[in-house]
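Protein chains: 2
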Amino acid sequence: MAETVSIKEVAARAGVSPGTVSNVLNRPEKVAGSTRSRVEQVIRELGFVRHGSASTLRAGHSRTIGLSVIDIGNPFFTDVAAGVEDLASERGYAVILGNSSGSRSKEERNLLVFAEQRVRGVLITPSDDDSRRLERLRSRGINVVLVDHPAERPDQCAVSVNDVVGGSMAATHLLEGGAERLVYVAGPAAMRQCRERREGVERALAAAGRDPAELRVVEMPAMNAKAGQQAAEQLLGDLPDAVFCANDLLALGLLRGLLQAGVRVPEQVSLIGYDDIDFAAASTVSLSSIRQPTYQLGRVATELLMDECDNPDTHAHQQIMFQPELVVRESSR
Amino acid sequence: MAETVSIKEVAARAGVSPGTVSNVLNRPEKVAGSTRSRVEQVIRELGFVRHGSASTLRAGHSRTIGLSVIDIGNPFFTDVAAGVEDLASERGYAVILGNSSGSRSKEERNLLVFAEQRVRGVLITPSDDDSRRLERLRSRGINVVLVDHPAERPDQCAVSVNDVVGGSMAATHLLEGGAERLVYVAGPAAMRQCRERREGVERALAAAGRDPAELRVVEMPAMNAKAGQQAAEQLLGDLPDAVFCANDLLALGLLRGLLQAGVRVPEQVSLIGYDDIDFAAASTVSLSSIRQPTYQLGRVATELLMDECDNPDTHAHQQIMFQPELVVRESSR
DNA sequence: ACTCCAAACCGAAACGTTTTAACGCAACCT
DNA sequence: AGGTTGCGTTAAAACGTTTCGGTTTGGAGT
Chain L
26 MAETVSIKEV
36 AARAGVSPGT
46 VSNVLNRPEK
56 VAGSTRSRVE
66 QVIRELGFVR
76 HGSASTLRAG
86 HSRTIGLSVI
96 DIGNPFFTDV
106 AAGVEDLASE
116 RGYAVILGNS
126 SGSRSKEERN
136 LLVFAEQRVR
146 GVLITPSDDD
156 SRRLERLRSR
166 GINVVLVDHP
176 AERPDQCAVS
186 VNDVVGGSMA
196 ATHLLEGGAE
206 RLVYVAGPAA
216 MRQCRERREG
226 VERALAAAGR
236 DPAELRVVEM
246 PAMNAKAGQQ
256 AAEQLLGDLP
266 DAVFCANDLL
276 ALGLLRGLLQ
286 AGVRVPEQVS
296 LIGYDDIDFA
306 AASTVSLSSI
316 RQPTYQLGRV
326 ATELLMDECD
336 NPDTHAHQQI
346 MFQPELVVRE
356 SSR
Chain X
26 MAETVSIKEV
36 AARAGVSPGT
46 VSNVLNRPEK
56 VAGSTRSRVE
66 QVIRELGFVR
76 HGSASTLRAG
86 HSRTIGLSVI
96 DIGNPFFTDV
106 AAGVEDLASE
116 RGYAVILGNS
126 SGSRSKEERN
136 LLVFAEQRVR
146 GVLITPSDDD
156 SRRLERLRSR
166 GINVVLVDHP
176 AERPDQCAVS
186 VNDVVGGSMA
196 ATHLLEGGAE
206 RLVYVAGPAA
216 MRQCRERREG
226 VERALAAAGR
236 DPAELRVVEM
246 PAMNAKAGQQ
256 AAEQLLGDLP
266 DAVFCANDLL
276 ALGLLRGLLQ
286 AGVRVPEQVS
296 LIGYDDIDFA
306 AASTVSLSSI
316 RQPTYQLGRV
326 ATELLMDECD
336 NPDTHAHQQI
346 MFQPELVVRE
356 SSR
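Those protein sequences? They're chains L and X, same order as listed. Numbering-wise, the working numbering puts 308 at position 283 of the first sequence, and it's gapless, one number per residue. Numbering-wise, the working numbering puts 185 at position 160 of the second sequence, and it's gapless, one number per residue.
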């Protein structure tokens with residue numbers, strides 16, 4: 026049944042010692058060409074594949090990384106995950122997926138699994154600002170790179186996108202379009218992203234000579250399309266002339282709610298979202314949005330993590346902050 | 026730095042043998058209550074976490090499963106993955122994610138990684154109908170459960186949704202709405218799902234006393250919104266009165282294309298998609314669709330896999346086929 | 001008081017790999 | 001010829017856990 030072929034059998038059959046087989050696997054340059062090809066031949070014949078656990082146990086480090094995201098159902102995180110998976114796979118690393126669903130305990134459980142698995146490193150989009158858990162990981166020798174979250178300390182890597190600038194871009198765009206009565210539809214204030222995008226809006230207002238305190242904020246408990254539609258109902262009584270939503274799911278829901286109520290977009294209300302997910306462009310009144318380099322976010326974060334793992338001495342911690350980009354479509358024209 | 030605390034240190038500190046510590050970890054009922062609680066206390070004090078690789082090496086099996094999907098960017102697979110991750114996490118299993126992107130070589134590479142990692146089992150949505158790779162896995166003692174794909178042999182588990190029935194439902198619905206000139210917008214014919222949904226359409230036509238050969242099929246190379254919009258352009262020259270798209274991404278793109286060209290939906294053309302992704306309901310003209318129990322699909326598949334792993338003797342292989350469900354919204358009313 | 005038994009625990013071997021020091025050997029230099 | 005060098009290879013130890021046969025212990029049964 027589980028007739029797993031070990032390095033020893035390969036060695037015996039190739040007439041070399043197990044150590045040599047290990048060498049052709051891990052440092053091929055150390056072994057003479059003739060024996061190397063002979064061993065490789067036998068490996069193919071016997072269908073040998075290295076026992077990762079044995080390797081990890083002895084070598085002291087694995088070829089897996091952990092990825093903990095807040096919501097795998099959100100296209101934003103899906104894109105990030107795609108970037109991570111692609112690069113990891115290219116480098117022969119396995120990605121262990123953890124979905125925290127915004128729950129602290131679930132996140133905790135995932136980190137425990139990562140620790141048991143002795144992952145080489147962890148990529149995490151923290152669901153809150155508590156950094157003690159990450160300290161614990163690091164104290165176990167597990168490297169951590171923050172994703173979509175700025176670094177909390179200089180001795181760690183982080184990859185994020187400037188949310189203040191993004192929020193500012195969105196608001197400035199609406200103001201330049203002549204917005205007088207601006208609404209910001211946000212998600213939970215516990216989320217750093219929502220807070221920072223709001224700050225961007227307030228800065229934009231100030232820069233335009235307006236009073237930031239006049240900003241009307243509608244805070245929703247979730248950040249999906251349904252919440253967006255509910256937000257629309259709240260707005261119908263006192264219609265603004267411009268709305269900025271903290272993400273595209275909210276914006277799409279809001280858009281639908283407004284259109285159903287007979288409100289014309291962008292003629293009566295101009296609208297902009299955030300993330301520029303695929304569906305933003307595909308929506309009937311195409312949605313303006315703030316684009317983030319999501320796939321790149323995941324890829325670069327993985328790159329940093331791998332460098333930290335493979336070159337612990339020369340590795341320089343980096344805090345990379347991408348700049349978002351304004352994408353104007355029909356909903357705000 | 027990597028001051029990892031081992032089972033031995035726990036044993037020494039608790040005044041027991043390593044074997045006993047292992048027992049409180051794996052079969053707590055075998056050890057006396059007093060010593061058990063003492064050991065557990067020490068475990069907490071020292072912050073011990075089991076070395077998964079050592080455990081796997083010795084025990085001969087791991088607590089990880091591999092999940093290989095075709096496109097992690099598609100909300101359908103994302104939902105499946107969420108179901109898998111949830112249950113696996115509840116059971117203390119880790120999920121290794123592999124994204125094949127529809128490429129055979131990428132899928133191959135993922136399976137190799139799974140094999141190296143000595144995963145307990147694999148959940149896979151095969152990107153084609155070649156079953157030899159899966160044979161190889163099984164011959165290594167790795168259990169395989171097919172997801173969104175019917176079983177090819179009786180001695181394996183599989184979880185799928187009846188695509189023929191789904192296609193038939195969609196077509197019947199359109200025909201009952203008075204459709205005379207029906208178009209099926211499909212993805213690559215290499216995909217089993219597309220073929221079977223088409224077969225369902227043809228059966229529905231036959232059942233309505235129409236000639237299945239009269240079905241107009243537009244085959245697109247991809248199954249995303251952009252492809253849907255291109256399909257719309259093809260249709261504009263000779264407009265049908267009803268369109269069934271092989272998935273919602275196609276349908277949403279098509280919807281946008283039609284509306285932009287001034288075609289009214291559903292008055293001139295009624296439209297239905299497949300998968301019932303979240304965005305189907307949120308779209309401006311909300312999209313009729315065929316709903317599949319995606320999250321359940323992932324969860325049930327995982328359940329079967331775990332049973333196969335944990336109870337290899339009593340396990341009965343099952344081929345579960347869910348039935349899809351018609352969801353009527355504005356686009357086909 | 002004695003045997004006997006089960007329960008509780010121990011000790012050591014084993015899992016498959018990596019790594020290190022040691023070794024053989026040929027080629028090169030004095 | 002003796003000495004040195006360096007390459008290619010080997011043997012054996014080690015990683016942290018699980019498992020299993022064996023040993024101790026406490027108490028029930030006679």
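Every residue gets a Cβ at the ideal spot worked out from N, C-alpha and C, and that includes glycine.
Query raised in the report: Any idea if X:V186 is buried or exposed, counting beta-carbon neighbours within 10 angstroms, 16 or more meaning buried?
Result: Within the second sequence, residue 186 of chain X is the residue found at index 161, counting from 1. When all chains shown are included, X:V186 counts as buried.
Query raised in the report: chain X partners of L:R289, CB-CB under 8 Å?
Result: Taking the first residue of the first sequence as position 1, residue 289 of chain L is located at position 264. Simply none; closest approach about 12 Å.
Query raised in the report: Which bits of chain X does L:E110 rub up against, with CB to CB less than 8 Å?
Result: For the purposes of this step, residue 110 of chain L is taken as residue 85 along the first sequence, with counting starting at 1. Those within 8 Å of L:E110 in chain X are I97, L122, G123 and N124.
Report task. Rank L:P337, L:T339, L:A267 and L:L322 by C-alpha distance to the C-alpha of L:V172 and give the top, closest one. Result -> Indexing the first sequence from 1 puts residue 172 of chain L at position 147. Closest option to L:V172, Cα to Cα, is L:L322.
Query raised in the report: Taking the alpha-carbon positions, what's the X:L136 to X:A183 distance?
Result: Position 111 of the second sequence, counted from the start, is the residue given in the question as residue 136 of chain X. Position 158 of the second sequence, counted from the start, is the residue given in the question as residue 183 of chain X. When rounded, the distance between both Cα atoms is 18 Å.
Query raised in the report: Where DSSP assigns a beta bridge to L:V243, which residues make up the other side?
Result: Counting from 1 along the first sequence, the entry for residue 243 of chain L is found at position 218. Answer is L:V210, bridged to L:V243.
Requested in this report: Grab the span of the beta strand (DSSP E) containing L:F269 for me, first residue to last.
Outcome: Counting from one through the first sequence, the residue named residue 269 of chain L turns up at place 244. Taken as a continuous stretch (DSSP letters only), the beta strand (DSSP E) holding L:F269 covers A267 to C270.
**Report entry** Cα-Cα separation between L:S193 and L:I315, rounded to whole angstroms
**Finding:** On the first sequence, residue 193 of chain L is found 168 positions in, with the first residue counted as 1. On the first sequence, residue 315 of chain L is found 290 positions in, with the first residue counted as 1. Here the alpha carbons of L:I315 and L:S193 stand approximately 10 Å from one another.
Query - Ranges of the alpha helix (DSSP H) found wholly within the stretch 249 to 305 of chain L, counting only runs of at least 4 - result: Taking only runs of at least 4 residues, the alpha helix (DSSP H) segments lying wholly in the stretch 249 to 305 of chain L are 250 to 261 and 273 to 285.
Report task. Can you give me the Cβ contacts of L:D332 inside the same chain, cut-off strictly under 6 Å, excluding the 5 residues immediately before and after it? Result -> As a working note, residue 332 of chain L is residue 307 in the first sequence. In its chain, beyond the 5 residues on either side, H340 have a beta carbon closer than 6 Å to the beta carbon of L:D332.
Report task. Report the three-state DSSP secondary structure of X:V94 (helix, strand or coil). Result -> For the purposes of this step, residue 94 of chain X is taken as the residue at position 69 of the second sequence. Per DSSP, reduced to three states, the secondary structure at X:V94 is strand.
Query raised in the report: What are the start and end residues of the alpha helix (DSSP H) that includes X:A113?
Result: Numbered from its first residue, the second sequence carries residue 113 of chain X at position 88. First-last of the alpha helix (DSSP H) with X:A113: P100 to E115.
Requested in this report: Anything in chain X within Cβ reach of L:S47, meaning under 7 Å, just list it in chain order.
Outcome: What you label residue 47 of chain L is simply residue 22 of the first sequence in a count that begins at 1. Residues of chain X passing the Cβ test: none, with the nearest at roughly 14 Å.
Query - Cα-Cα separation, X:P151 to X:A39 - result: Locating residue 151 of chain X in the second sequence gives position 126, counting from the first residue. Locating residue 39 of chain X in the second sequence gives position 14, counting from the first residue. C-alpha separation (whole angstroms): 49 Å.
Query raised in the report: Using a beta-carbon distance below 9 Å, is L:E65 in contact with chain X?
Result: In the first sequence, residue 65 of chain L corresponds to position 40, counting from 1. So, not an interface residue.
Query raised in the report: Does the beta-carbon of L:P265 have 16 or more other beta-carbons within 10 angstroms, so that it is buried, or is it exposed?
Result: In the first sequence, the residue the question calls residue 265 of chain L occupies position 240. L:P265 is buried by the Cβ-count criterion.
Query raised in the report: Using Cβ-Cβ distances below 9 Å, what residues of the stretch 258 to 286 of chain L are close to chain X?
Result: Those residues of the stretch 258 to 286 of chain L placed with their C-beta closer than 9 Å to a C-beta in chain X are L274, L277, G278, L280, R281, L284 and Q285, ordered along the chain.
Report task. Quick one: grab the DSSP three-state call for X:F347. Result -> Here residue 347 of chain X is taken as the residue at index 322 of the second sequence, counted from 1. DSSP places X:F347 within a strand segment (E or B) once states are collapsed to three.
Requested in this report: Alpha carbon to alpha carbon, how far is X:R88 from L:E350? Give it in angstroms, no decimals.
Outcome: Within the first sequence, numbered from 1, the residue matching residue 350 of chain L stands at position 325. Within the second sequence, numbered from 1, the residue matching residue 88 of chain X stands at position 63. Answer to the nearest angstrom: the Cα atoms are 42 Å apart.
Report task. Count the other CB atoms, across all protein chains shown, that sit within 10 Å of the CB of X:N272; report buried if there are 16 or more and exposed otherwise. Result -> Position 247 of the second sequence holds residue 272 of chain X. Under this definition X:N272 is a buried residue.
Query raised in the report: How would you write the range of the alpha helix (DSSP H) that X:G58 sits in, first residue to last?
Result: To locate residue 58 of chain X, count along the second sequence from 1; it is residue 33. Where X:G58 is concerned, the enclosing alpha helix (DSSP H) stretches over G58 to L71.
Query - Any 3 or more C-beta pairs closer than 8 Å across the stretch 64 to 74 of chain X and the stretch 65 to 74 of chain L - result: The stretch 64 to 74 of chain X makes no contact with the stretch 65 to 74 of chain L: fewer than 3 CB pairs, one atom from each, lie closer than 8 Å.
Report task. Would you identify the three-state DSSP class for L:T29, choosing helix, strand or coil? Result -> In the first sequence, the residue the question calls residue 29 of chain L occupies position 4. In the structure shown, the three-state DSSP call for L:T29 is coil.
Query raised in the report: According to a CB-to-CB cut-off of less than 9 Å, which residues of the stretch 171 to 182 of chain X neighbour chain L?
Result: Per Cβ criterion, the list is empty.
Query raised in the report: Is L:R161 close to chain X, meaning its C-beta is less than 9 Å from at least one C-beta of that chain?
Result: Numbered from its first residue, the first sequence carries residue 161 of chain L at position 136. True, the Cβ-Cβ gap to chain X drops below 9 Å.
**Report entry** Coil, strand or helix - X:V35 by DSSP
**Finding:** On the second sequence, position 10 is the one that residue 35 of chain X refers to. Helix.
Requested in this report: With L:R165 as the anchor, note down where its beta strand (DSSP E) starts and where it stops.
Outcome: By one-based count along the first sequence, residue 165 of chain L stands at place 140. Neither: L:R165 is in no beta strand (DSSP E) and is coded neither H nor E.
Requested in this report: Identify every residue that forms a DSSP beta bridge with L:R316.
Outcome: Reading the first sequence from its first residue, position 291 is the one you call residue 316 of chain L. Answer is L:D300 and L:E350.
Report task. Please go through the same chain and pick out, in chain order, the residues whose beta-carbon is closer than 7 Å to the beta-carbon of X:S80, but skip the five residues on each side of it. Result -> Working through the second sequence from its first residue, we reach residue 80 of chain X at position 55. Result list for X:S80: empty, nothing under 7 Å.
Query raised in the report: Where does L:M26 land, buried or exposed, given buried means 16+ other C-beta within 10 angstroms?
Result: One-based indexing of the first sequence puts residue 26 of chain L at position 1. Bear in mind that a pLDDT of 46 at L:M26, under 50, signals an unreliable position, so the model cannot answer this.
Query - Within-9 Å CB hit, L:Q340 to chain X - result: Your numbering for residue 340 of chain L matches position 315 in the first sequence. The sequence as given places His at residue 340 of chain L; Gln does not occur at that position. Not an interface residue.
Requested in this report: Indicate whether at least one CB of chain L lies closer than 9 Å to the CB of X:T327.
Outcome: Against the second sequence, residue 327 of chain X aligns to sequence position 302. Cβ-Cβ to chain L under 9 Å: no for X:T327.
Query raised in the report: Can you tell which of X:M346, X:D303 and X:F347 has the C-alpha that lies nearest to the C-alpha of X:P100?
Result: By one-based count along the second sequence, residue 100 of chain X stands at place 75. Out of X:M346, X:D303 and X:F347, the CA that lies nearest to the CA of X:P100 is found in X:D303.
Query - Between the CA atoms of X:P53 and X:E141 - distance to the nearest angstrom - result: The residue labelled residue 141 of chain X in the question sits at position 116 within the second sequence. The residue labelled residue 53 of chain X in the question sits at position 28 within the second sequence. About 30 Å.
Query raised in the report: List, in order along the chain, the chain L residues whose C-beta lies closer than 8 Å to that of X:D104?
Result: The residue labelled residue 104 of chain X in the question sits at position 79 within the second sequence. Under a criterion of Cβ atoms nearer than 8 Å, the residues of chain L adjacent to X:D104 are, in order, G98.
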